[in-house]
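Enquirer:
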Amino acid sequence: MSTEENVQLVKNFFAAMGSSNARDLLALAAEDIEWIIPGEGWPLAGTHRGHAELAAVLKKASEAVETRYPKPPEFVAQGDRVMVVGVATGTIKATNTPFKDEWVFDITVRDGKVAHIQEYIDTQALARASQIVART
2 MSTEENVQLV KNFFAAMGSS NARDLLALAA EDIEWIIPGE GWPLAGTHRG HAELAAVLKK
62 ASEAVETRYP KPPEFVAQGD RVMVVGVATG TIKATNTPFK DEWVFDITVR DGKVAHIQEY
122 IDTQALARAS QIVART
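First residue of the sequence shown: 2, per this note's numbering; consecutive thereafter.
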């Protein structure tokens, strides 16, 4: 695929995530997709592999986090790699705590499918927003 086709694939992947359309999302992902979400102390952190884990993390995200994107992300590509740069704001539902996260997704496309995602996110902001404060 061309660089432009890879960018369009990634844009379609993000659109499917935004619409919570798991069927369309899985159709755009390689069977052996690997999605790495860094951090500790917040619900989505971990390495998620394959369609079943991709569907599970997206379901967990919809249950745990309310997210908004105040401006469209930027897509920068070279060959089979697409970098997506953006900002998310939202609330961790369990704590009702807001967050702001400036992020980069490093995405690799293979054979017309999203094959690998490495997120670079503000893990401290997300973990802090996920902490339940004990009341005394």
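Each residue gets a CB set at the ideal place from its N, CA and C atoms; glycine is no exception.
Every value quoted in this text rests on a predicted model; they were computed, and no experiment measured them.
Pull up the CB-CB distance for Leu10 and Gly113, whole angstroms please, since I reckon it's below 8 Å.
Expert: Taking the first residue of the sequence shown as 1, we reach residue 10 at position 9. Taking the first residue of the sequence shown as 1, we reach residue 113 at position 112. So it is a contact: roughly 7 Å between Cβ atoms.
Enquirer: Residue range of the beta strand (DSSP E) that Asp81 falls in?
Expert: Here the question's residue 81 lines up with position 80 in the sequence shown. Element bounds for Asp81: n/a, residue is neither H nor E.
Enquirer: Hey, out of Gly51, Ile93 and Thr92, whose CA is closest to Asp33's CA?
Expert: Residue mapping note: residue 33 aligns to position 32 of the sequence shown, counting from 1. For the residues Gly51, Ile93 and Thr92, the minimum Cα distance to Asp33 belongs to Gly51.
Enquirer: Which two residues bound the contiguous beta strand (DSSP E) that contains Glu120?
Expert: For the purposes of this step, residue 120 is taken as residue 119 along the sequence shown, with counting starting at 1. Note, Glu120: beta strand (DSSP E), Lys114 to Tyr121.
Enquirer: I'd like to know whether the C-beta atoms of Leu127 and Gly40 end up nearer to each other than 8 Å.
Expert: If you number the sequence shown from 1, residue 127 lands on position 126. If you number the sequence shown from 1, residue 40 lands on position 39. In contact: Leu127 and Gly40 (Cβ atoms closer than 8 Å).
Enquirer: Determine the direct distance from the alpha carbon of Ile93 to that of Pro44, and round the result to whole angstroms.
Expert: Within the sequence shown, the letter at position 43 stands for residue 44. Within the sequence shown, the letter at position 92 stands for residue 93. Pro44 and Ile93: Cα-Cα distance of roughly 9 Å.
Enquirer: Buried or exposed: where does Ser131 fall if 16 or more other Cβ atoms within 10 Å of its Cβ makes it buried?
Expert: Looking up residue 131 in the sequence shown gives position 130. Looking at its Cβ environment, which holds 16 or more other Cβ atoms inside 10 Å, Ser131 is buried.
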